[in-house]
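Worksheet: one structure, shown below.
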Amino acid sequence: MALVSMNEFLPKAKANKFAVGQFNMNNLEFAQAIVEAAMELKSPFIYGVSEGALKYMGIEFTVAIAEAAAKKSGLPIALHLDHGSSFEVAMKCIRAGFSSVMFDGSHYSFEENIRLTKEVVKAARAMGVSVEGELGTIGGVEDDISVDEEHANLAKPEEAIRFYEETGVDCLAIAVGTAHGMYAGEPNIHFDIIEQVSKAIPVPVVLHGGSGVPDEMIRKSIAAGVGKINVNTENQVACTETIRAALNKDAKIYDPRKYLTPARNAMVEVVKSKIQLFGSSNQA
Ligand code: 13P
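Going by full-length UniProt numbering, the letters in the sequence shown line up with residues 1 to 284, in that order.
Printed below as a string of structure tokens:
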């Protein structure tokens, strides 16, 4: 199967109240772990690729790995640019074979965010590529993007609704209290904002910062209208902790396969537990 746009599965997720996971791809082992977990549970999923990860892996390798996963698994898989910062980078990804892009104009003024997102939607739609927009600022650190708590601001429901109406995005990330990276305590998620926006627009709300959110809050978010959830940090932690333990246990290891195999297995378990929690098993 070829890579698909998020519209292959997001409308079904919204209608049937489940969420599709965006699992970020940082290297080959991440990609393999994610697709292995999804194959076991027959789940659609989204490979998220940040600009930093794109630089690290190279665009050709990124697309080739995602295409290989789609071909091997037969699952509906979207290859999605995460937090795209410009029209140019979105178009570069689409030309290279991405089936979905996020344009994150949340640091621009509201009107400018609408204007720029509309341009991306117009071009992407002509090529059958789905688009995610963002409103409000999500806190935490992701790659080179760092937003402290003070500057993270929640989305205003009436603005989010107007943003959807004007741009026609396929899903909408709104800042509702989650953050990228791990939480010191528990996040304070504003379920009322999710519900108000989700009821008023036909596309799902996206929850960024899905790592470390207690299961019950994830279930409540999905019930309120979240249809896509992003997870990266929990896989990074599982991968690195496993490698650290393997190296600490045996200082003589030099074959990367000896520590990357258990690291990959640890990520398979993380992704499987998220897919089960999100309710996307058997939805492929
Ligand atoms: P986490 O850092 O919580 O895994 O969130 C990832 C994310 O939202 C990517 O856009």
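All residues carry an ideal CB built from backbone N, CA and C; glycine is no exception.
Query, Result
"Identity of the residue in E159, V205 and S86 nearest A15 by Cα", "V205"
"Burial state of L247, where buried means 16 or more other Cβ atoms lie within 10 Å", "exposed"
"Backbone CA spacing between I253 and I243 [nearest angstrom]", "11 Å"
"Given 8 Å, three or more beta-carbon pairs between the stretch 117-133 and the stretch 183-202", "no"
"Alpha-carbon to alpha-carbon, G279 and S43", "9 Å"
"Beta-bridge pairing of D82 - partner residues as DSSP gives them", "S50"
"Continuous alpha helix (DSSP H) assignments of at least 4 residues falling wholly in the stretch 128-183", "157-167"
"Beta-carbon spacing of V270, N235 below 7 Å", "yes"
"Between the CA atoms of Y47 and Q22 - distance to the nearest angstrom", "6 Å"
"Per-residue burial, R257 [other beta carbons within 10 Å of its own, 16 or more giving buried]", "exposed"
"Straight-line Cα distance separating Q32 from G58", "17 Å"
"At least three beta-carbon pairs within less than 8 Å, the stretch 155-173 to the stretch 108-126", "yes"
"Given 8 Å, three or more beta-carbon pairs between the stretch 50-66 and the stretch 82-99", "yes"
"Residue range of the beta strand (DSSP E) that includes E206", "According to the sequence provided, residue 206 is Val. The question's Glu does not apply to it. It spans V205 to L207 - the beta strand (DSSP E) in which V206 sits, taken as one unbroken run."
"Alpha helix (DSSP H) runs contained entirely in the stretch 199-273, provided each spans 4 or more residues", "215-224 and 233-249"
"Bridge partners - N188, DSSP secondary structure assignment", "Per DSSP, none; premise fails for N188."
"Through-space distance from I229 to S221, alpha-carbon basis", "10 Å"
"For A2, the nearest candidate out of V63, A70, F30 and K17 (CA to CA)", "A70"
"Closer than 6 Å: T233 CB and nearest ligand 3 heavy atom", "Although ligand 3 was asked about, the structure shown includes only ligand 1 as ligands."
"Residues that F45 bridges to, as DSSP identifies them", "I77"
"6 Å Cβ shell around N113 - same chain, five flanking residues per side excluded", "G105"
"Residue range of the alpha helix (DSSP H) that includes F110", "F110 to A126"
"DSSP-derived helix/strand/coil call for N16", "helix"
"Ligand 1 heavy atom lying under 6 Å from the CB of N230", "yes"
"Heavy atom of ligand 1 within 6 Å of H190 beta-carbon", "no"
"Inter-residue spacing [alpha-carbon to alpha-carbon] between I174 and E29", "30 Å"
"H180: CB within 6 Å of a non-hydrogen atom of ligand 1", "yes"
"N27, DSSP secondary structure in three states", "coil"
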